[in-house]
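Chains as they are written, first to last, in the numbering used here: chain A, -3 to 258; chain B, 3 to 221.
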């Protein structure tokens, strides 16, 4: 059980996402989860061992470390990634529910059902419309909210995104104001800024996807308002072409995202 | 043998669950298992090394650590995850038993061996009650063992061989407390999900029973 399991779960959602959603997923896995597991965890690995205070008083180091780092950067990022990935599960559940309903219709022998066998239902890619559109849009909205909340929490807890070299501490049992030195402050600052930058890119991607979905929704509504029966076929052909292109892009993206374990 | 085994087990359970049951599995994966492996484990990794007492007397730190942490939080957390997931296996075993029976008699005894009705419904309800009971048990255990869900920065210890009352400092108490509250919150969420699934199933099947009886009376 590790980040690879999350990759398996979210990989299924990839099929039913828009192109921007697929880019977001790739950015999430390559630039956030992979960087966290492969690099950032090692930078913060020795954070308490190498946090050194200029005193021999036992307990002073523990207390000062706890005072300046109520929750470690690396844990905050792990929580952020988990919370940000969770709304995608809503979409996965909705798709699974739709598939379940279609399978039930198929088994009952419903004439409305246009599938030849169960395998076709399993492999089918649902279009983002109707109730699935609402689920998808609310999942993007929640993603945005979680990203913003975590970025603010980060900024609030650590007074900005810089890691200082020296911190002055006078919590009990430190006998007086004591100098404490953080390990690898520059490296930590670099990684913090990197993670914040990628978070911002993810926020922008989510905003763009939201705007794209809203635009599509309003365009579809206006077309339907003044439309005849013949035009929808033409519209469907264009949309299926777009879907095929999206599939090609996603397949090539999937091939570059290699399964990994921490 | 690792957490992947539990993950595969729960994926099997997912097939025979109701909608709320699937949400429960998702919550256990994402908010409990994944958080445990990706974040919480590392916080408690070096808890003994970083536990520091204001004394040079050999053995005093060991004895004080053992007194204040009879079972480490993280081990209790792992035990809770494993034990709370286990009742779901009852359902898997019952379905396997049904399928085995069909194979033995070489005829279709059930309309759908995986559908929750009859005996399987009883098994499912029992598994839900067990899951809820075990969650509450572990929460009470945490509360009793550690005097509430607080982790102090400083604990005072005067057990032999410590020569007098000695100050001992716990490492990362705030971070540990945040994750402990997270554990409690997700446990409570799982309890709520289990109880709502229980009431949903009882309600659904009593309505079904009532309607069946009503139809029979009309006939």
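Where a beta carbon is used, it is the ideal one built from N, C-alpha and C, also for glycine.
Proximity winner among the options, relative to residue i (alpha-carbon distances)
| i | options | result |
| --- | --- | --- |
| residue 70/A | 158/B, 58/B, 67/B and 44/B | 44/B |
| residue 203/A | 20/A, -2/A and -1/A | 20/A |
| residue 63/A | 214/B, 195/B and 178/B | 178/B |
| residue 205/B | 151/B, 175/B, 123/B and 92/B | 123/B |
| residue 151/A | 189/A, 163/A and 178/A | 189/A |
| residue 77/A | 155/A, 68/A and 146/A | 146/A |
| residue 132/B | 192/B, 217/B, 42/B and 61/B | 192/B |
| residue 199/A | 220/A, 137/A and 13/A | 137/A |
| residue 14/B | 88/B, 37/B and 51/B | 88/B |
| residue 126/A | 11/A, 57/A, 214/A and 34/A | 214/A |
| residue 203/B | 160/B, 219/B and 128/B | 128/B |
| residue 25/A | 42/A, 211/A and 195/A | 195/A |
| residue 8/A | 30/A, 84/A, 42/A and 46/A | 84/A |
| residue 29/A | 12/A, 42/A, 211/A and 72/A | 72/A |
| residue 41/B | 46/A, -2/A, 35/A and 23/A | -2/A |
| residue 70/B | 79/B, 49/B and 209/B | 49/B |
| residue 36/B | 75/A, 65/A, 33/A and 44/A | 75/A |
| residue 157/A | 191/A, 34/A, 45/A and 219/A | 191/A |
| residue 55/B | 165/B, 210/B, 195/B and 213/B | 165/B |
| residue 185/B | 138/B, 61/B and 57/B | 138/B |
| residue 207/B | 118/B, 33/B and 146/B | 118/B |
| residue 128/A | 222/A, 177/A and 94/A | 94/A |
| residue 38/B | 72/B, 211/B, 80/B and 142/B | 80/B |
| residue 90/B | 146/B, 149/B and 9/B | 9/B |
| residue 31/A | 211/A, 216/A and 193/A | 193/A |
| residue 153/A | 120/A, 66/A and 197/A | 66/A |
| residue 46/A | 177/A, 165/A, 197/A and 27/A | 177/A |
Residues of its chain near residue i, where Cβ-Cβ distance is below 7 Å and the 5 sequence neighbours each way are ignored
| i | result |
| --- | --- |
| residue 255/A | Residue placement at residue 255/A is flagged as unreliable, the pLDDT there being 34, under the threshold of 50; the coordinate-derived value follows with that caveat. Excluding positions up to five away in sequence, the list reads 0 and 3. |
| residue 80/A | 139, 142 and 143 |
| residue 152/B | 179 |
| residue 167/A | 59, 60 and 63 |
| residue 53/B | 63, 67, 170, 172 and 173 |
| residue 183/B | 151 |
| residue 43/A | 68 and 179 |
| residue 37/A | 70 |
Beta carbon of residue i nearer than 7 Å to that of residue j
| i | j | result |
| --- | --- | --- |
| residue 116/B | residue 18/B | yes |
| residue 16/A | residue 201/A | yes |
| residue 46/B | residue 76/B | yes |
| residue 122/A | residue 91/A | yes |
| residue 199/B | residue 130/B | yes |
| residue 111/B | residue 104/B | yes |
| residue 50/A | residue 175/A | yes |
| residue 12/B | residue 27/B | yes |
| residue 34/B | residue 134/B | no |
Neighbourhood of residue i by C-beta, 8 Å cutoff - its chain only, sequence neighbours within 5 removed
| i | result |
| --- | --- |
| residue 2/B | Outside the shown range of chain B, which is 3 to 221, sits residue 2/B, and nothing can be said about it. |
| residue 40/A | 68, 69, 70 and 184 |
| residue 170/A | 49, 51, 53, 56, 59 and 60 |
| residue 195/B | 22, 25, 26 and 29 |
| residue 20/B | 118, 199, 202 and 203 |
| residue 160/B | 166, 167 and 168 |
| residue 65/B | 159, 161, 162, 163 and 164 |
Spatial neighbours of residue i in its chain, beta-carbon cut-off 6 Å, leaving aside the 5 residues before and after
| i | result |
| --- | --- |
| residue 182/A | none |
| residue 6/B | none |
| residue 31/B | none |
| residue 82/B | 140 |
| residue 209/A | 133 |
| residue 175/B | 153 and 155 |
| residue 124/A | 132 |
| residue 186/A | none |
| residue 105/A | none |
Bridge partner(s) assigned by DSSP for residue i
| i | result |
| --- | --- |
| residue 177/A | 48/A and 162/A |
| residue 104/A | BP columns for residue 104/A are empty, so no partner. |
| residue 156/B | 171/B |
| residue 54/B | 171/B |
Residue i burial status per 10 Å Cβ neighbour count (16 or more: buried)
| i | result |
| --- | --- |
| residue 190/B | exposed |
| residue 215/B | exposed |
| residue 18/A | buried |
| residue 162/A | exposed |
| residue 96/B | buried |
| residue 23/B | buried |
| residue 106/B | exposed |
| residue 4/B | exposed |
| residue 12/A | buried |
| residue 217/B | exposed |
| residue 6/A | buried |
7 Å Cβ cutoff, residue i in contact with chain E
| i | result |
| --- | --- |
| residue 71/A | The chain labelled as chain E is not found among the protein chains of the depicted structure, namely A and B. |
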